[in-house]
Amino acid sequence: MANQGPLALAREVDEFRQQFEQISADADALVTPLDEAQFTWKPAPNLWSIAECLEHMNATARSYLPAIDEGIADAIRHGAYAEGPFHYTLIGRVFSRLMEPPARLRLRASDDKQPGPQRPKRETLAGFRAYQVQYIDRLRQANGIDLSRSCVRSPLASWIRIPLGSAFATMAAHERRHLWQARRITQAEGFPRS
Numbered sequence: 005m006a007n008q009g010p011l012a013l014a015r016e017v018d019e020f021r022q023q024f025e026q027i028s029a030d031a032d033a034l035v036t037p038l039d040e041a042q043f044t045w046k047p048a049p050n051l052w053s054i055a056e057c058l059e060h061m062n063a064t065a066r067s068y069l070p071a072i073d074e075g076i077a078d079a080i081r082h083g084a085y086a087e088g089p090f091h092y093t094l095i096g097r098v099f100s101r102l103m104e105p106p107a108r109l110r111l112r113a114s115d116d117k118q119p120g121p122q123r124p125k126r127e128t129l130a131g132f133r134a135y136q137v138q139y140i141d142r143l144r145q146a147n148g149i150d151l152s153r154s155c156v157r158s159p160l161a162s163w164i165r166i167p168l169g170s171a172f173a174t175m176a177a178h179e180r181r182h183l184w185q186a187r188r189i190t191q192a193e194g195f196p197r198s
């Protein structure tokens, strides 16, 4: 266990929690100083803005959290408990590795994960923060579950099932990837300066 006490998180679960908290802090540090024009600026018509990167992550969380819920509930129903450390399948490791920045493979987001209508920066960032809290809540729910034996559908292909721990790793990597993408937008030629 990572820490002691009745509500202590298993070490691996706590590491995932720290990753989602860091992602939230990184998004705050990147987005908070931007004005609306910088937030919505696109380097090219076919490329996303920082706003669209965050909206995509929000759409992904909205569509993927129910799959994580299903995986947790299934594990509880089947009594799939273990403390770890966990060893994941090759496909689970590949999915999370594909998502890590820098992007080596460009993937098209499915329709349900496309950025939604543009909202003000404050609303988009608040939604993003709320989804990070929801991921952490799911981690608390998954504490004590065998993260390698419990499976969920893949975020890239619903017919593929990956271990629950790989799902958390993939979501964290996916968010780091799009924050990396958003940071690169601030360095692009033509980015509006304050």
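So in the working numbering the end of the sequence shown lands on 198, straight run, no missing numbers. We treat Cβ as the ideally placed atom computed from N, Cα and C, and that holds for glycine. No experiment lies behind these values; they were computed from the predicted model shown.
Residues near residue i by beta carbon distance below 7 angstroms, same chain, minus five either side
| i | result |
| --- | --- |
| Glu-193 | none |
| Arg-187 | Leu-34 |
| Pro-106 | Trp-184 |
| Gln-145 | Ile-76 |
| Asn-147 | Leu-13, Ala-14 and Val-17 |
Beta-bridge partners of residue i, as assigned by DSSP
| i | result |
| --- | --- |
| Pro-37 | Beta-bridge pairing links Pro-37 to no other residue. |
| Pro-167 | Cys-155 |
| Ile-149 | Tyr-85 |
Proximal residues to residue i (C-beta, below 8 angstroms), its chain only, five neighbours per side dropped
| i | result |
| --- | --- |
| Asn-62 | Gly-120, Thr-128, Gly-131, Phe-132 and Tyr-135 |
| Phe-195 | Gln-42, Trp-45, Pro-47 and Ile-189 |
| Ile-140 | Arg-21, Phe-24 and Glu-25 |
| Gln-138 | Ala-65 and Leu-69 |
| Arg-108 | Leu-102 |
Residues of its chain near residue i, where Cβ-Cβ distance is below 6 angstroms and the 5 sequence neighbours each way are ignored
| i | result |
| --- | --- |
| Ala-79 | Ile-149 and Ser-154 |
| His-182 | Cys-57 and Met-61 |
| Phe-20 | Leu-143 and Phe-172 |
| Gly-96 | Ile-166, Pro-167 and Ser-170 |
Status (buried if at least 16 other CB within 10 Å, exposed otherwise) for residue i
| i | result |
| --- | --- |
| Ser-152 | buried |
| Ile-72 | buried |
| Asn-50 | exposed |
| Ala-84 | buried |
| Ala-31 | buried |
Test item: CB-CB of residue i and residue j under 8 angstroms
| i | j | result |
| --- | --- | --- |
| Thr-44 | Gln-122 | yes |
| Phe-90 | Ile-166 | no |
| Leu-38 | Ile-54 | yes |
| Val-17 | Gly-75 | no |
| Ser-170 | Ile-164 | no |
| Glu-87 | Ala-12 | no |
| Pro-124 | Glu-40 | yes |
Whole-number beta carbon distance between residue j and residue i, since they are thought to touch under 8 angstroms
| i | j | result |
| --- | --- | --- |
| Ala-178 | Thr-93 | Before going further, note that residue 178 is His rather than Ala in the sequence given. In fact, because the Cβ distance is near 18 angstroms, the residues do not count as touching under 8 angstroms. |
| Ala-161 | Ile-27 | At roughly 24 angstroms, the Cβ-Cβ gap does not stay under 8 angstroms, so Ala-161 and Ile-27 are not in contact. |
| Arg-180 | Glu-104 | 7 angstroms |
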